[in-house]
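Engineer: Okay, handing you the structure first.
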Amino acid sequence: MIDFCGIELRHAVINGSGTFDAIAARRAFGDELLREFPFSAFVSKTITPEPRAGNPPPRLWETPSGLINSIGLPNKGLDGFLDHDLPQLTELPVPLIVSVMGTSHEEFVRLVEGVAGRDEVAAIELNVSCPNVKSGLIVGESPEEARSLLERVRPLTGKPLIVKLTPNVADPIPVALAAEAGGADAVSLINTLRATAIDPGSGERWLGGGTGGLSGPAVRAVALAHVGAVSAAISVPLVAMGGISSGRDAAEMVSAGARIVAIGTESFRDPAAGSRIAAELGGEVARISG
Amino acid sequence: MTAGQARGLGERVVAPFGRRLCQVTRNLPAGGYRIFSALDPAGPEPAAGQFYMLAAESGWGGDQGRPYLARAFSVADAEREGSGVRLDFLVQAVGPGTSRLAELEAGEGLWLHGPLGRPFAAPDRVHDQRRPQTPPPDIAGAILVGGGIGVAPLALWRRRLLSAGIPARVLLGFRDRANSGGLHLFDCSEIRLASEDGHTGHRGYVTDLLAVLLEGDDASSAAVYACGPPAMLEAVRVLCAGRGVACELALEAPMACGFGACFGCAIPRSTIDGRHNNRGRTYMRLCVDGPVVRGDEIETALVPGSGH
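Residue numbers (the working numbering), protein chains in the order written: chain A, 73 to 362; chain B, 947 to 1254.
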């Protein structure tokens, strides 16, 4: 068992938000998904106060050893999530972490209060990769914005608050320090790297949303650098992600200072990748410490 | 086929969880395409219209880093062989993923997960939600319309329909001789062909043949099933909507996972729901809500990004 912010986890591998839809996966794989659930905790797709349809297609572009996505956070909104999705996610055999994103303190307050009040929710991840509509600053790129948001929502719940850090900054440490100072229980990193693609046929932008985020092994070295830098600067635990596709990749993140790791794009290639990587990571830890 | 299997016609088959390594057993030329087979040692028999995510065991994500993600392929034929299931896939080499799959040799490993997605529904269950009063299509009237590489899922669907005692008329269209594979999968006389270069059958589009069929007295009791390039599918959708004929279309969109995880394969839903209410712009995920959709569920079959 691993202790993560007071939550007991069977192993060190969870999913990145928005990279695994347990409800859709159960439609595809049936109840075998529950018996063989690949993650030791489940992180929901990011929910917003109101429903969102998401970006127009195309939404994907394959790069060398990577994937650009421009999905646009489609979700049922807070009420739709609590009414429709949460009861189904409660059937999963692991603790539930709910990811939320607002465009103002008021929206974040509504989301945190709505989610934290449910016993089924073990922790909350704050997706801060969007602008505060009042300041126009992206919360995750501004230490001041990050700290004031944390100070606003921290008193609302005793449940662990995890701040998802963006790599789209020159230095990730100031925002990580601000999140810690504001009362975050953990940070998770990295989110995707801003990226885009050109349609080779037309020369126009390929993605319906214009730009997107790069993930997969193509970003793993960047993620490793951010994890190492942030872990040296703060004392709360880290969830490391970014291109992990093997136990060795995961072990490197642990060596760089991660408490646990998250799998994203690799699950697209193999739905059960989380279980495989958790088993491989156990072997790597034994090899290194042996 | 047993009666029990016939009752299950058109029902979604649930996939084993995780990907599994299969062995390629053959790879043959097929009219400008390739058709390769893999023996799935554990998997269930798929329903027609369902698909698998495929990746070669070696030479995938190599020096150039592409192909990286698995590629979605509908299954062209599937048959129980020993304790496993033989799966046939029709492939045309158009990019790094399809090129690697097209050169697979017998004995090589193939990673797959599946069967995935929503299959073709039995003819009596293809209702147009906008016209709930329309009598369900007569069980005698399946019309299969295929174009190019898109003939693949229709081959399996035709076999399943015939096994269930449901006659199917088949219309297939090809661009030219170099793009005319998969005909042998149909192996029947009830088949009409079109080619844009006139090398076989009607010179023109397969939808010309469909338009003639839909003029017939029994057309309104038919269920049309189509798979092919977006422009062909859109023509089928418009033809059927105009004639009041129920249709199902097997679509494609760029897809990373195949099981609803990445939200990448979104296509716009029809903004008019079954009660004629405008529900605004919403999307469906083609991998779990499709790839087979009814014509009235979508605004257009011209899916942005397909064909790549």
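The beta carbon of each residue, even a glycine, is placed where N, CA and C say it ideally should be.
Remember, predicted model here, so these are calculated numbers, not experimental data.
Looking at G1094(B): is its Cβ nearer than 8 Å to the Cβ of R1064(B)?
Structural biologist: Cβ atoms of G1094(B) and R1064(B): not closer than 8 Å.
Engineer: With C-beta atoms as the reference, is V1152(B) less than 8 Å away from L1197(B)?
Structural biologist: It is not a contact, given that the beta carbons lie outside the stated cut-off.
Engineer: Distance check for D1164(B) and F963(B), CA to CA, integer angstroms please.
Structural biologist: Each residue's Cα considered, the two are about 43 Å apart.
Engineer: How many angstroms separate the CA atom of E338(A) from the CA atom of I1137(B)?
Structural biologist: Distance between the alpha carbons of E338(A) and I1137(B): 43 Å.
Engineer: Are three or more beta carbon pairs between the stretch 965-978 of chain B and the stretch 108-115 of chain A nearer than 8 Å?
Structural biologist: Touching, no, given that fewer than three Cβ pairs across the two stretches are closer than 8 Å.
Engineer: To the nearest angstrom, report how far apart D157(A) and R1071(B) are at their CA atoms.
Structural biologist: Distance between the alpha carbons of D157(A) and R1071(B): 28 Å.
Engineer: Taking the continuous beta strand (DSSP E) assigned at M173(A), which residues delimit it?
Structural biologist: Unbroken run through M173(A): none, as it is neither H nor E.
Engineer: Can you list, in chain order, the residues of its chain with a C-beta nearer than 7 Å to that of G1241(B)? Leave out the 5 residues immediately preceding and following it.
Structural biologist: The answer, listed in chain order, is R1183, C1186, A1187, C1193 and L1195.
Engineer: Does chain B have any CB closer than 8 Å to the CB of D155(A)?
Structural biologist: Cβ-Cβ to chain B under 8 Å: no for D155(A).
Engineer: Can F982(B) and V1037(B) be called in contact, C-beta distance under 8 Å?
Structural biologist: Cβ distance < 8 Å, so F982(B) and V1037(B) count as in contact.
Engineer: Could you run through the stretch 322-348 of chain A and flag, in chain order, every residue whose CB is less than 7 Å away from some CB of chain B?
Structural biologist: Flagged, chain order: S339, F340, R341, D342, P343 and A344.
Engineer: With contact counted as at least three CB pairs below 8 Å, one residue from each stretch, are the stretch 165-175 of chain A and the stretch 185-205 of chain A in contact?
Structural biologist: Yes, since at least three Cβ pairs between the stretch 165-175 of chain A and the stretch 185-205 of chain A fall closer than 8 Å, the two stretches touch.
Engineer: Residues of chain A with CB closer than 7 Å to the CB of V1234(B), please, in chain order.
Structural biologist: Result: A96, R99 and A100.
Engineer: Whose Cβ in chain A lies nearer than 9 Å to the Cβ of I1213(B)?
Structural biologist: Going along chain A in sequence order, the residues near I1213(B) (Cβ under 9 Å) are P129.
Engineer: Per DSSP, what kind of secondary structure is D1154(B) in: helix, strand or coil?
Structural biologist: Reduced to three states, the DSSP call for D1154(B) is helix.
Engineer: Counting only Cβ pairs nearer than 8 Å, list the residues of chain B close to A125(A).
Structural biologist: The contacting residues are G1226, R1227, T1228 and Y1229.
Engineer: With a threshold of 8 Å between beta carbons, is D151(A) in contact with chain B?
Structural biologist: Cβ-Cβ to chain B under 8 Å: no for D151(A).
Engineer: When we look at the beta-carbon of V1158(B) and count the other beta-carbons within 10 Å, is it buried (16 or more) or exposed?
Structural biologist: V1158(B) should be labelled exposed.
Engineer: For a cutoff of 8 Å on Cβ pairs, would you count Q969(B) as touching chain A?
Structural biologist: So, not an interface residue.
Engineer: Starting from the C-beta of G1005(B), find all residues in its chain whose C-beta is less than 7 Å away, skip the five residues before and the five after it, and write them out in chain order.
Structural biologist: The answer, listed in chain order, is R1046.
Engineer: Could you spell out the range, first to last residue, of the beta strand (DSSP E) harbouring S1020(B)?
Structural biologist: Run containing S1020(B): R1017 to S1020, per the beta strand (DSSP E) assignment.
Engineer: Taking just the CA atoms, how far does R980(B) sit from G1096(B)?
Structural biologist: C-alpha separation (whole angstroms): 13 Å.
Engineer: Considering just the uninterrupted stretch of the alpha helix (DSSP H) at Q1010(B), what are its terminal residues?
Structural biologist: That residue, Q1010(B), is in no alpha helix (DSSP H); it is neither H nor E in DSSP.
Engineer: Starting from C968(B), follow the beta strand (DSSP E) in both directions and report where the run begins and ends.
Structural biologist: From DSSP, the beta strand (DSSP E) with C968(B) extends over R966 to A976.
Engineer: Does the Cβ-Cβ distance between L161(A) and G1210(B) come in under 8 Å?
Structural biologist: For L161(A) and G1210(B), no; Cβs fall outside 8 Å.
Engineer: Report all residues from its chain with a CB closer than 7 Å to the CB of D1235(B); omit the five preceding and five following residues, and keep chain order.
Structural biologist: So the list reads R1064, once near-sequence residues are dropped.
Engineer: By Cβ distance below 7 Å, which residues in the same chain neighbour G300(A) in space, the five residues on each side in sequence not counted?
Structural biologist: A328 and G329, listed in sequence order.
Engineer: DSSP three-state call for D1242(B): helix, strand or coil?
Structural biologist: Note: D1242(B) maps to helix in three-state DSSP.
Engineer: Spell out a yes or no on whether the stretch 219-227 of chain A and the stretch 259-279 of chain A are touching, meaning 3 or more CB-CB pairs, one atom from each, closer than 8 Å.
Structural biologist: Cβ pair count under 8 Å is below three, so no.
Engineer: When you check each C-beta in the stretch 104-126 of chain A against every C-beta of chain B, which residues fall closer than 7 Å?
Structural biologist: Here the close residues are E104, L105, E108, A125 and G126.
Engineer: Can you grab the Cα-Cα spacing for the pair G189(A) / V181(A), in whole Å?
Structural biologist: The straight-line gap from Cα to Cα measures roughly 12 Å.
Engineer: Can you list, in chain order, the residues of its chain with a C-beta nearer than 7 Å to that of A305(A)? Leave out the 5 residues immediately preceding and following it.
Structural biologist: Taken in chain order, the residues that qualify are I245, A248 and L249.
Engineer: Identify, in the order they occur along the chain, each residue of the same chain with its Cβ nearer than 7 Å to the Cβ of G1206(B), setting aside the five sequence neighbours on each side.
Structural biologist: The residues are R1231, C1233 and V1234.
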